[in-house]
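Inspection log for the structure reproduced underneath, given as structure tokens.
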Amino acid sequence: MALKATSVSTSPFEDQKPGTSGLRKSVKVYQQPNYTENFVQCTLSGGLKEKLVGSTVVIGGDGRFYMKETTVKIVQMCAANGVKKVIVGENGLMSTPALSCVIRKYQTGGGIILTASHNPGGPDADFGIKFNTANGGPAPENVTNAIFELTTTISEYKTCPDLQPVISVIGSTKYEVEGRPFTVEVIDSVADYAMYMQEIFDFGAIRNLLSGSDGKPSLKILLNAMHGVMGPYITKIVCGELGAPADSAVNCVPLTDFGGHHPDPNLTYAADLVTELKKGQHGFGAAFDGDGDRNMILGKEAFFVTPSDSLAVLANNLNYIPYFRKEGRDKKGFARSMPTSGAVDRVAEKNGVECFEVPTGWKFFGNLMDAGRLTLCGEESFGTGSDHIREKDGLWAVLAWLSILAEKKCSVEDILMDHWKQYGRNFYTRYDYENCESAPAKKMMDNLNTLIEEGTLVGATHNVGGKTYKVATMDNFGYTDPIDGSISKNQGVRILFADGSRIIFRLSGTGSSGATIRMYIEGYESDNTTFAKDPQDVLKPLIEIALQISQLRELTGRDKPTVIT
């Protein structure tokens, strides 16, 4: 039966400017009449432009509330806008890294991810829509700007309401819409990604590690999917292909509200994993966020590996992973987001490879990867990845760690201690002050920028806790892309000290309301007697200096952060 496309009159909403990871708003905002449809239409038109008609689009999401309804809306709108084919994850589910993998494998025009990442889910929580381009990566600023411009003038959107796709059954269904063929292909959400991981890693070596070989005991692991999209991936790949016992994975059923929890893999929101690891029965643990692109690594007795250290350790051990031994990938560059510690810089310097410092947002790594100058990258916000796709990849990071453990045959803590003996330790912590009132948070940042303009802080010394720190420089980080020359300004206030210590302040762009202030503290130590100390103790003087300079407590009324990592 031939189906008809319909044009629906609408008017613009004023709050549809995408951030670093698409448009994140509360579910109730998205449920307003035409709100979702407006943004989807502008995403299709602004993201695919002249390639929209006849294109193939991938659709997937993290399982949160309102995902399935939105998936159907997007399929209907793709049909009406002349898209030739949509590839949809079974039941709408697909992790962010898997969607990037599928875009690249099938060379599609791009994809739409329905996720608010590590933000809570449910009818009273958050939702998000994000567009990834044909390289598999998040849309760069010129694309998100084009999408936003369209949202300010939109007067109609196209849809095909009579098309009712069944997304719960794997297979292809063909339709005819306005005389054009249109195909909905529902795929196994895990299969393509699982096949790719087998190309990247030595599954045999990891399997031996988890089952025990050569008379050595097996490594007991515990992976927490936090009721996000990663459950099916862990179940099929780790418990299936790699043979880990079923009880190695917990919270693996995706839930629309993530079980009432905050799907953010850190020491606060993954506290149940920390509690289990502290019992000493597991030698390795990991947690993932809602859409599967972030990861937290723990060793025995909950030994915490900061994301900055995780990136540096992976950089220092690429030769244990088959993918990096091919075509000289281990000789390409490394990169980190600006707030991430400089630990990976030290590895890059020793190995004679480039190391890039970019703004927060995975899209900034994409140009470097596509130009062949970057192979490994990461963010302190629990994101790690490589040029195998164009997104951060939580399960890839776990498999990379298991590969290193399989070769080194030692503990997570031993690997870190050896690394610090070789390079010294970049002590690091991040304080998140979530859901602050926007006005005081903005005033704090404005005051810091005034200090930059006046230059009065440069050269000043601060004496706290028996230590003296001298301010070498202060700026608001800017970045010029070495590939396309694009410029990004005002990416975070940095206070840099003469001894290499750093204090950084940013307002996060990943929340759906209010403001999240992120305060980053970093101090370097080469004395191996300090390596086992608690970062909170080592960094206490710098933390106090940061609070004094920013007047964060006085302006926001917050006497402690929501989350410390």
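The sequence shown begins at 14 in the numbering used here and counts up one residue at a time.
Beta carbons: idealized from backbone N, C-alpha and C, even for Gly.
All values derive from a computational prediction rather than experimental measurement.
Buried or exposed: which applies to S130, given that a residue is buried once 16 or more other Cβ atoms fall within 10 Å of its Cβ? buried
Can D277 and D306 be called in contact, C-beta distance under 7 Å? no
P174, buried or exposed, once every other Cβ within 10 Å from all chains shown has been counted against 16: exposed
In this structure, does DSSP put F490 in helix, strand or coil? coil
Assuming contact is defined by CB atoms lying nearer than 7 Å, are A283 and K171 in contact in what I supplied? no
Taking the alpha helix (DSSP H) that M430 belongs to, which residues open and close that run? V425 to Y436
What does a CB cutoff of less than 8 Å around Q44 pick up in its chain, not counting 5 residues either side in sequence? Y79
Using three-state DSSP, classify A300 as helix, strand or coil. strand
Spatial distance of F140 from V471 (CA atoms): 42 Å
Looking at the structure shown, is R633 part of a helix, part of a strand, or coil, going by DSSP? Residue coverage of the chain in this structure runs from 14 to 578, which leaves residue 633 outside it and unanswerable.
One question on the structure: do G244 and C265 come within less than 7 Å of each other, judged by their Cβ atoms? yes
Could you check if S350 is buried or exposed, using at least 16 other CB atoms within 10 Å of its CB as the buried criterion? buried
When DSSP labels each residue in this structure, what does R307 get in the three-state scheme? strand
Expressed to the nearest angstrom, what Euclidean distance is found between the alpha-carbon atoms of E447 and P372? 21 Å
Expected contact under 8 Å - CB spacing of L418 and L235 to nearest Å: About 14 Å separates the two Cβ atoms, so there is no contact after all.
Helix, strand or coil at L222 according to DSSP, with G and I counted as helix: helix
Between T569 and the rest of its own chain, which residues show a CB-CB distance below 8 Å, the 5 nearest in sequence each way excluded? Y446, C449, E450, P453, A454, M457 and I530
At what residue ranges does the segment 31-93 contain a whole run of the alpha helix (DSSP H), taking only runs of 4 or more? 40-43, 48-61 and 80-93
Best match in V40, N47 and G365 for proximity to P25 [C-alpha to C-alpha]: N47
Can you list, in chain order, the residues of its chain whose CB lies under 6 Å from that of I500, leaving out five sequence neighbours each side? T493
Measuring alpha carbon to alpha carbon, tell me which residue in G73, S68, K86 and T109 is nearest G95. S68
What are the boundary residues of the alpha helix (DSSP H) that D139 is part of? No alpha helix (DSSP H) holds D139; the beta strand (DSSP E) holding it covers D139 to N145.
In this structure, how does DSSP classify V411 when only helix, strand and coil are distinguished? helix
E27 - partner residues in DSSP beta bridges: According to DSSP, E27 bridges with nothing at all.
State the Cα-Cα distance for the pair S525 and G273, rounded to the nearest angstrom. Any reading at S525 is ruled out, since the residue's pLDDT is 47, under 50, leaving its predicted position unreliable.
Alpha carbon of R403 to alpha carbon of G479, nearest angstrom: 45 Å
Do the segment 375-387 and the segment 136-154 make contact, defined as three or more Cβ pairs closer than 8 Å? yes
Report yes if the CB atom of D205 is closer than 7 Å to the CB atom of C114, and no otherwise. yes
Cβ pair G59, A159 closer than 7 Å: yes
Pick from N132, K30, I183 and S226: whose alpha carbon is nearest that of D420? Residue identity check: residue 420 is Glu in the sequence provided, not Asp. Of the candidates N132, K30, I183 and S226, the one whose C-alpha sits nearest the C-alpha of E420 is S226.
Just to confirm the assignment, what range does the alpha helix (DSSP H) spanning F337 have? P335 to R338
Can you list, in chain order, the residues of its chain with a C-beta nearer than 7 Å to that of K41? Leave out the 5 residues immediately preceding and following it. none
What does a CB cutoff of less than 6 Å around V71 pick up in its chain, not counting 5 residues either side in sequence? I100, L112, V115, I116, T121 and G124
Tell me whether T166 is buried or exposed, calling it buried when 16 or more other Cβ atoms sit within 10 Å of its Cβ. exposed
Assign C423 to one of two classes, buried (16 or more other C-beta atoms within 10 Å of its C-beta) or exposed (fewer than that). exposed
Let me know the secondary structure DSSP gives G524 once reduced to three states. Low per-residue confidence applies at G524: pLDDT is 48, beneath 50, and the placement is therefore not dependable, though the value from the model is reported in the following sentence. Coil.
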